[in-house]
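What follows is one structure encoded as structure tokens, with my remarks underneath.
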Amino acid sequence: VPILLDQILIQTINGIVTGMILALVASGLTLIFGIMDVVNFAHGELFMLGAYVGVTTMVATGNFWIALLVATVVIALLGAVIQITTLRPLLGRDPLTTILATFGLSLVLQNYALWQFGPVARKIQEPFTGHFSLFYLDYPWYRLVIAGLSAAIIGALWLFLKFGTYGIWIRATTQDRVMASAMGIPVPWVHTAVFAIGAGMAAASGVLFGPLVGVNHAMGLDWVLKAFIVVVVGGMGNLGGSIAAAIFVSLLEAYASLWVSPAQAVIVSFVVLILTLLFRPTGLFVPTPK
Amino acid sequence: VISRRAPLAFWTGFGVVLALLILAPLVLPEFWRRFVTEILIWGLLAMSSDILIGYTGMISFGHSAFFGLGMYGAAAALLSTRPPSLWLAFVYGLAAAAAVAAFVAYFSTRLRDIYFSITTLIFSQIFYVIIFTWTEVTGGENGLSFRRPALAIPGLFSVPFDSNTLHWFVLAVVTASYLVLRRITHSPFGMVLQSIRENEPRTRAVGYAVERYKIVAVMLSGVFAGLAGVLYALQNRFAAPDYVFFVVSGEVVIFNVMGGIGTLVGPIVGAASFLLLREGFSRFFTEFYLIPVGVIFTAMVIFMPQGLLGFLRRRLNE
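Quick note, the sequences are listed as chains A and B, same order.
Numbered by our numbering, the letters in the first sequence go through residues 1274 to 1563 in order.
Numbered by our numbering, the letters in the second sequence go through residues 2 to 319 in order.
Right under this line is the structure:
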């Protein structure tokens, strides 16, 4: 089957849309890693629970935007509680213990969701159903709005880190935990806040992504795996690199699914990961280390 | 320098436990007989992973790939030869696991700490996707099922397995593996691994080719995980993609942390306690037993990082 230019263009747009959502998930993950040296294995579960809180709020209020806000706030609070109860006692221990603790949490959260919401996938109604015509397709506006919103949230995070007082606290803590503490920055609370922000971002992406596919208890693993790939390919703890890698990997997967089934297209991102490890283990989108 | 004579207490304990395990199938009812055999197989898998987690300081989240390839390798041997040969199942299973382990080791050991964990996880998912989607060869979602071969030495004897002989056979393989792994951890090679765990830059500075040691460690661990896979395939007479899935790798890590890393026998105890907890909690929580188990696991990571046998760690490694 010859591949036509219009198909490639459609897949480009699809790739950018999923890439932006993935970037939102991965930037929370990389933020948490960069500041706390914590690999949050439960990140996908926060994404999934965010989507479920979104579903529940949608049913109660009928408004998508309220659902988005409520899910973000609720999961951010949950994130703060998780950080205080399980990660704070591990501060100063081997970072590998945090991957174990968050793995335990992910088991609890995933099975809690299965218990509470059952195995049947739920659907979030999209906030508006308008389409525009793109070659032979009716392309939903909502998809473009997701990409825009994700970009806006990431942009807001960047501005906050760059110019906000608390953002400067966060960057100071990243650079030198001890010195930041000596300057009077409450480092433990900075950690809590960062975990809460990352959790909230995961929840927001869960709600935004909800209308595209069903919401189920097992959706977290797929996303956390993709986010891990993106974070390694982009250079661990590097926000810009993660975003570039998210779009890059999603575009490749979108093009690959022109030829193979989406389940097999995943292998493309695995191949990107292997090649990155082989030739640039520090990450594709970071300057070559001297 | 380690002493050549292992302490009497250790070998006495070893003998007592081994004797109990030999006698177990004669006194236990069928369900628990099978349960103990299963503990031994999962224990072997966990023990193989302990070489990395406990002795080299690398947490593998990808052991399901080696275990699963062991299962599929055994399946390939048992389905392609007639009559099915037990020993060929081992050859194929171990070869498959070793090939995958070589591949994974080559790439994943380029990274350290958390990055190693993530890459092993992603590699195991690659094999899961391949096995799951390549239906013509692997049977896809349904997996492969086959008949259990007889316990035979060509030209000497041949007896079909029953649940007792299977238990003793598994026990013999697991015990032999334990002794081999224990010998390896005591060898100069094992000492280098432990030195990598304690201080990698210094080990490198002393002049050891750290990467090469790590690759061998991952391969060694992968081969023993494949051995566990072959045993599991023999016990259950099938190979299924579920066992290549990440959940199995996660359980292996749980076994290790629960039982106590760096002890070799700890992971077996961890496997036993996990399976018992699952059995117990399933009564109240049905399929949601992972909620209480996850809570216990997380609490153990925080409050009891040495695991159940951690207090014996020094004794067990003497």
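Using N, Cα and C, we set each Cβ at its ideal position, and we do this for glycine too.
Computed from a predicted structure; not experimentally measured.
- For the 8 Å CB-CB criterion, B:ASP51 and B:LEU265 form a contact.
- Each of A:PRO1400, A:LEU1432, A:LEU1410 and A:LEU1430 was checked against the Cα of A:VAL1418, and the nearest Cα belongs to A:PRO1400.
- Proximity of chain B to A:PRO1368 at the Cβ level (cut-off 7 Å) is accounted for by ASP114 and ILE115, in chain order.
- Taken in chain order, the whole beta strand (DSSP E) runs of length 3 or more contained in the stretch 115-162 of chain B are 152-154 and 158-160.
- Interface criterion not met: the Cβ of A:MET1309 is under 8 Å from no Cβ in chain B.
- Residues of chain A with a Cβ closer than 7 Å to the Cβ of B:ARG111 are, in chain order, LEU1550 and PRO1554.
- A:ALA1315 is the residue among A:ILE1283, A:THR1291, A:ALA1315 and A:ASP1279 whose C-alpha sits nearest the C-alpha of A:ALA1469.
- Listed along chain B, the residues sitting closer than 7 Å to A:VAL1539 by beta-carbon distance are VAL130.
- Residue B:PRO85 holds the alpha-carbon nearest to the alpha-carbon of B:SER146 among B:SER283, B:ALA226, B:ILE185 and B:PRO85.
- Sequence-ordered contacts of the stretch 1370-1396 of chain A with chain B read THR1370, THR1371, ILE1372, LEU1373, ALA1374, THR1375, PHE1376, GLY1377, LEU1378, SER1379, LEU1380, VAL1381, LEU1382, GLN1383, ASN1384, TYR1385, LEU1387 and TRP1388 [C-beta pairs closer than 9 Å].
- A:ALA1445 carries a helical assignment under DSSP once its states are collapsed to helix, strand and coil.
- Under the three-state reduction of DSSP, B:VAL245 is assigned to coil, being neither helix nor strand.
- Residue contact with chain B for A:MET1492: absent (no Cβ-Cβ distance below 8 Å to any residue of chain B).
- With the criterion set as a beta carbon lying under 7 Å from some beta carbon of chain A, the members of the stretch 268-292 of chain B are PHE289, LEU291 and ILE292, in sequence order.
- Distance from the CA atom of A:ILE1281 to the CA atom of A:LEU1295, rounded to whole angstroms, is 20 Å.
- At a cut-off of 8 Å between beta-carbon atoms, B:SER118 makes contact with chain A.
- Chain B has no Cβ within less than 8 Å of the Cβ of A:LEU1512.
- Per DSSP, reduced to three states, the secondary structure at A:ARG1395 is strand.
- Looking at the DSSP output, A:SER1406 sits in a beta bridge with A:ASP1411.
- For A:ALA1536, the residues of chain B that pass the 8 Å Cβ criterion are VAL130, PHE133 and THR134, in the order they occur in the chain.
- A:VAL1488 is bridged by DSSP to A:ARG1395.
- Within the DSSP bridge table, the entry for B:ALA240 names B:LEU145 as partners.
- A:VAL1332 and A:ALA1477 have their C-alpha atoms roughly 17 Å apart.
- Contact between B:PRO202 and B:MET48 is absent: CB atoms are separated by about 28 Å, not below the 8 Å threshold.
- Neighbours of A:PHE1543 in chain B, taken as residues whose beta carbon is under 7 Å from its own, are ILE123 and ILE127 in chain order.
- Listed along chain B are ILE303, each with a C-beta nearer than 7 Å to that of A:PRO1362.
- In the structure shown, the three-state DSSP call for A:PHE1320 is helix.
- By the neighbour-count criterion, in which 16 or more other beta carbons inside 10 Å mark a residue as buried, B:ASN143 falls on the exposed side.
- Any Cβ of chain A closer than 8 Å to the Cβ of B:PRO306 would place that residue at the interface, and such an atom is present.
- The DSSP assignment places 189-199, 201-207 and 211-237 as complete runs of the alpha helix (DSSP H) inside the stretch 171-243 of chain B, in order along the chain (cut-off: 4 residues).
- A check of alpha carbon separations from B:ALA99 across B:ASN318, B:ARG316, B:ILE255 and B:GLY227 identifies B:GLY227 as the nearest.
- By the C-beta criterion, the stretch 1505-1519 of chain A is judged to be in contact with the stretch 1297-1306 of chain A, since at least 3 inter-stretch pairs fall below 8 Å.
- Taking every protein chain shown into account, the CB of A:TRP1442 has 16 or more other CB atoms within 10 angstroms, so this residue is buried.
- The beta carbons of A:ALA1420 and A:MET1293 sit closer together than 8 Å.
- With a threshold of 8 Å between beta carbons, B:GLY251 makes contact with chain A.
- Where B:ALA106 is concerned, the enclosing alpha helix (DSSP H) starts and stops at 87-109.
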